Amino acid sequence: MTTHMKHVAAVFCTFLAGLFLLAGAAHAQGEAAPGKVTVAIQEIKVSPDVSAAAAKNVNKSMLLAELETAVRNSRKLALFTRQADVLAAVREEQQFAKSSLTSGPGAEEGKLGIAQLLIIPEVQRISMYREAVAIPNIENKFRRRDIGAMSTSVQIVDTSTGELKASYIVESSFSTKEAIVNSGNKTPDPVIFKHLAQKMAAKTVDELLDTVFPMLIVQVRGNEVIINRGQDGGLKKGMRLEVFTPGEIIKDPYTGENLGSAEAYAGKIEVTRVNPKMTTCRIVEGGPMAVRDIVRKPQ
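Written out as structure tokens, the structure reads:
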């Protein structure tokens, strides 16, 4: 085995060991499926900087529902609810299970899962409006288009230590196609927010997956590579990704903290096919590339 391969193997083993410990803790705490990291989503907040008028456009329950759907669809994360009404219903069922009306063991108290990571979203900015422009020389005819944009800050917190694992801003926008209508009504369609929420949720979970489960090359076949991220990774045909070869682990000389590995740029790959659980790409720059090389979206 070459020195390069030894470095790659060592880095990957360290990476896997961390994930297995994380997943093992999840299984013990909440009986989540082995290999999955458990997460919970905190109640949606709206920044005080958002005006009262704009804040009315934020449908918190819809945004939470879209985030939960995106987490469940990720395949690598297990979701524990923190919705008060759902937890109250669970509590009620547990109390019922203890009553004399039940036939045997049922819902047990003290077995609710503990999330390892907490997702804390806060809407920082939102705008939704309608452009309705009268068409010259034609009575009661307008060119109409609805436009929306939302900026959300997201923090990922380790619930065991309180450590902030990641923090990022998610930008989402949406607009309808221009249509010819008979009314100059300036009120935008509320469905615009659903599109904003879906985009925000997808980007949030995509960033989270990149933090916990970095994309890796899992197979190399000539000029073609396969990476371990599928439809849950926000990848599309034609998208170009950067590939890095991991090297020696670097530690902070003062704290001993693992700063990651020294990475060498290996080249670029282009997505040719996105499957449910993996993605096929072709090498378009650089090389050679190897199994366990790290794949990232361009900054």
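With mature numbering (1 follows the signal peptide of the UniProt record, and there is no 0) applied, the sequence shown covers -28 to -1, 1 to 271.
Each residue gets a CB set at the ideal place from its N, CA and C atoms; glycine is no exception.
In this text, all values refer to a predicted model and were calculated from it rather than measured experimentally.
Identify every residue that forms a DSSP beta bridge with residue 223. Position 251 of the sequence shown, counting from 1, holds the residue named residue 223. Its beta-bridge partners are 230.
Quick test of your reading: residue 199 and residue 251, contact by CB under 8 Å. State the CB separation rounded to the nearest angstrom. Here residue 199 refers to the residue found at position 227 when the sequence shown is read from its first residue. Here residue 251 refers to the residue found at position 279 when the sequence shown is read from its first residue. Going by Cβ atoms, the distance from residue 199 to residue 251 rounds to 5 Å, so yes, they are a contact pair.
Can you tell me whether DSSP reads residue 217 as helix, strand or coil? Working through the sequence shown from its first residue, we reach residue 217 at position 245. The answer is strand: DSSP assigns residue 217 an E or B state.
Presumed contact (8 Å Cβ cut-off) between residue 165 and residue 34, rounded CB distance: Against the sequence shown, residue 165 aligns to sequence position 193. Against the sequence shown, residue 34 aligns to sequence position 62. Indeed they touch by this definition, with Cβ atoms about 7 Å apart.
Indicate the three-state DSSP secondary structure (helix, strand or coil) for residue 110 in the structure shown. Residue numbering aside, residue 110 sits at position 138 when the sequence shown is read from its first letter. If DSSP states are grouped into helix, strand and coil, residue 110 belongs with coil.
Once the 5 residues before and after residue 25 are set aside, which same chain residues still bring their CB inside 6 Å of it? Locating residue 25 in the sequence shown gives position 53, counting from the first residue. For residue 25, where only same-chain residues beyond five positions count, there are no Cβ hits under 6 Å.
Could you tell me how far apart the beta carbons of residue 97 and residue 118 are, in whole angstroms, since I believe they sit closer than 8 Å? Numbered from 1 along the sequence shown, position 125 holds the residue referred to as residue 97. Numbered from 1 along the sequence shown, position 146 holds the residue referred to as residue 118. Between residue 118 and residue 97 the Cβ distance is about 18 Å, and since that is not below 8 Å, they are no contact.
By Cβ distance below 7 Å, which residues in the same chain neighbour residue 170 in space, the five residues on each side in sequence not counted? Taking the sequence shown and counting its residues from 1, the one referred to as residue 170 is at position 198. Excluding sequence neighbours, residue 170 sits near 38.
Residues bridged to residue 120 [DSSP beta-bridge criterion]: Here residue 120 refers to the residue found at position 148 of the sequence shown. Residue 120 pairs with 100, 146.
Identity of the residue in 197, 228, 230 nearest residue 244 by Cα: For the purposes of this step, residue 244 is identified with residue 272 of the sequence shown, where counting begins at 1. Looking at the Cα atoms, 197 is the closest of the given residues.
What are the start and end residues of the beta strand (DSSP E) that includes residue 44? As a working note, residue 44 is residue 72 in the sequence shown. Counting along the chain, residue 44 falls outside any beta strand (DSSP E), though it belongs to the alpha helix (DSSP H) covering 32 to 44.
Mapping DSSP to helix, strand and coil, what is residue 86? In the sequence shown, the residue the question calls residue 86 occupies position 114. Of the three classes helix, strand and coil, the one that applies to residue 86 here is coil, per DSSP.
Reducing DSSP to helix, strand and coil, say where residue 243 ends up. The residue you call residue 243 lines up with position 271 of the sequence shown. Strand at residue 243.
Measure how close the beta-carbons of residue 131 and residue 86 come, nearest whole angstrom, since I'm counting them as under 8 Å. Taking the sequence shown and counting its residues from 1, the one referred to as residue 131 is at position 159. Taking the sequence shown and counting its residues from 1, the one referred to as residue 86 is at position 114. Sure, about 7 Å apart at Cβ, within 8 Å.
Endpoints, the alpha helix (DSSP H) within which residue 24 is located: Taking the first residue of the sequence shown as 1, we reach residue 24 at position 52. From DSSP, the alpha helix (DSSP H) with residue 24 extends over 24 to 27.
Under the three-state DSSP convention, the category residue 259 falls into: Residue numbering aside, residue 259 sits at position 287 when the sequence shown is read from its first letter. Of the three classes helix, strand and coil, the one that applies to residue 259 here is coil, per DSSP.
Can you tell me the Cα-Cα spacing of residue -7 and residue 221, whole angstroms? Here the question's residue -7 lines up with position 22 in the sequence shown. Here the question's residue 221 lines up with position 249 in the sequence shown. Any answer about residue -7 is weak, because its pLDDT of 40 lies below 50 and its placement is not dependable; what the coordinates show is given next. Each residue's Cα considered, the two are about 20 Å apart.
DSSP state of residue -8, grouped into three classes? Position 21 of the sequence shown, counted from the start, is the residue given in the question as residue -8. Its pLDDT being 38, under 50, residue -8 is placed unreliably by the model, and nothing is read from it.
So who's on the other strand from residue 130, going by DSSP bridges? Taking the sequence shown and counting its residues from 1, one reaches residue 130 at position 158. Paired residues: 89.
Residue 59 - containing beta strand (DSSP E), residue span: Here residue 59 refers to the residue found at position 87 when the sequence shown is read from its first residue. It is not in any beta strand (DSSP E) - residue 59 instead sits in the alpha helix (DSSP H) that spans 56 to 69.
Buried or exposed (CB count within 10 angstroms, at least 16 for buried), residue 50: In the sequence shown, counting from the first residue as 1, residue 50 sits at position 78. Classification for residue 50: buried.
Between which two residues does the alpha helix (DSSP H) carrying residue 180 extend? As a working mapping, residue 180 is identified with position 208 in the sequence shown. From DSSP, the alpha helix (DSSP H) with residue 180 extends over 163 to 184.
Assuming residue 239 and residue 215 are in contact, meaning their beta carbons sit under 8 Å apart, how far apart are those beta carbons, in whole angstroms? Along the sequence shown, read from residue 1 onward, the residue named residue 239 stands at position 267. Along the sequence shown, read from residue 1 onward, the residue named residue 215 stands at position 243. Contact holds; Cβ gap of about 5 Å.
For residue 203, the three-state DSSP class (helix, strand or coil): Within the sequence shown, numbered from 1, the residue matching residue 203 stands at position 231. DSSP places residue 203 in helix when its eight states are reduced to three.
Using 10 angstroms around the beta-carbon of residue 10, count the other beta-carbons present and answer buried if the total reaches 16, otherwise exposed. As a first step, residue 10 must be located in the sequence shown, where it is residue number 38. That one is buried.
Residue nearest to residue 151 in terms of C-alpha spacing, selected from 57, 237, 106, 134: Numbered from 1 along the sequence shown, position 179 holds the residue referred to as residue 151. Nearest of 57, 237, 106, 134 to residue 151, Cα basis: 106.
Give the C-beta separation of residue 142 and residue 18 to the nearest angstrom, bearing in mind that I take them to be a contact with Cβ-Cβ under 8 Å. Taking the first residue of the sequence shown as position 1, residue 142 is located at position 170. Taking the first residue of the sequence shown as position 1, residue 18 is located at position 46. Wrong, their Cβ atoms sit about 15 Å apart, outside the cutoff.
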